[in-house]
Amino acid sequence: MTAAARNDVPVVMEGNGVELRTRPLGGGLSVGYISLPQGTDMGPAMKGLPDDSCQCPHWGYLLKGRLRMLTADGEEIYEAGQAYYWAPGHIPLALEDCEFVEFSPTEDFDKVIAHVKAQAG
């Protein structure tokens, strides 16, 4: 059994108010603690990935804020208090300051994180 409190999970990416903490939990999944300030558009960071969007599935819970998720099928709005599943092919845009915790396949998530870091560098 493995547990990971937010403050025990290392920061793997930060800047402009964005913070991503992630750590493998087991079973091929990682936990992510994510903060996005209002107005954060992850679209530019996804450029170059297939369909210019995140290709990692995520299961999670929005703790704070409102988020617009763009997909090939349109868009959906998520609000604090909602659990979610985001299939591959999504781009988040923070409508308010957001905080969420999610679970993702470690290998897929690591690829997306590496791409986003390369885009920022």
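Its first residue numbered 90, the sequence shown is counted upward by one per residue in the numbering used here. All C-beta atoms, glycine included, are put in the ideal place defined by N, C-alpha and C.
Residue i to residue j span [Cα, whole Å]
| i | j | result |
| --- | --- | --- |
| residue 209 | residue 195 | 21 Å |
| residue 96 | residue 160 | 31 Å |
| residue 147 | residue 200 | 14 Å |
| residue 131 | residue 142 | 9 Å |
Contact under 8 Å by Cβ, residue i with residue j
| i | j | result |
| --- | --- | --- |
| residue 108 | residue 124 | yes |
| residue 193 | residue 115 | no |
| residue 111 | residue 101 | yes |
| residue 185 | residue 154 | yes |
Residue i in three-state terms, based on DSSP
| i | result |
| --- | --- |
| residue 113 | strand |
| residue 160 | strand |
| residue 98 | coil |
| residue 199 | helix |
| residue 211 | One cannot answer for residue 211 here, as it falls past the ends of the chain, which runs 90 to 210. |
| residue 140 | helix |
| residue 66 | Since the first residue shown for the chain is 90 and the last is 210, residue 66 is missing from the structure and cannot be characterised. |
| residue 187 | strand |
| residue 126 | coil |
Reference residue i, options the options, closest by Cα
| i | options | result |
| --- | --- | --- |
| residue 157 | 183, 144 and 100 | 183 |
| residue 94 | 113, 142 and 132 | 113 |
Per-residue burial, residue i [other beta carbons within 10 Å of its own, 16 or more giving buried]
| i | result |
| --- | --- |
| residue 180 | buried |
| residue 149 | buried |
| residue 203 | exposed |
| residue 172 | exposed |
| residue 134 | buried |
| residue 174 | exposed |
C-beta neighbour in chain B for residue i, strict 8 Å
| i | result |
| --- | --- |
| residue 166 | Looking for chain B here will not work: only one protein chain is present. |
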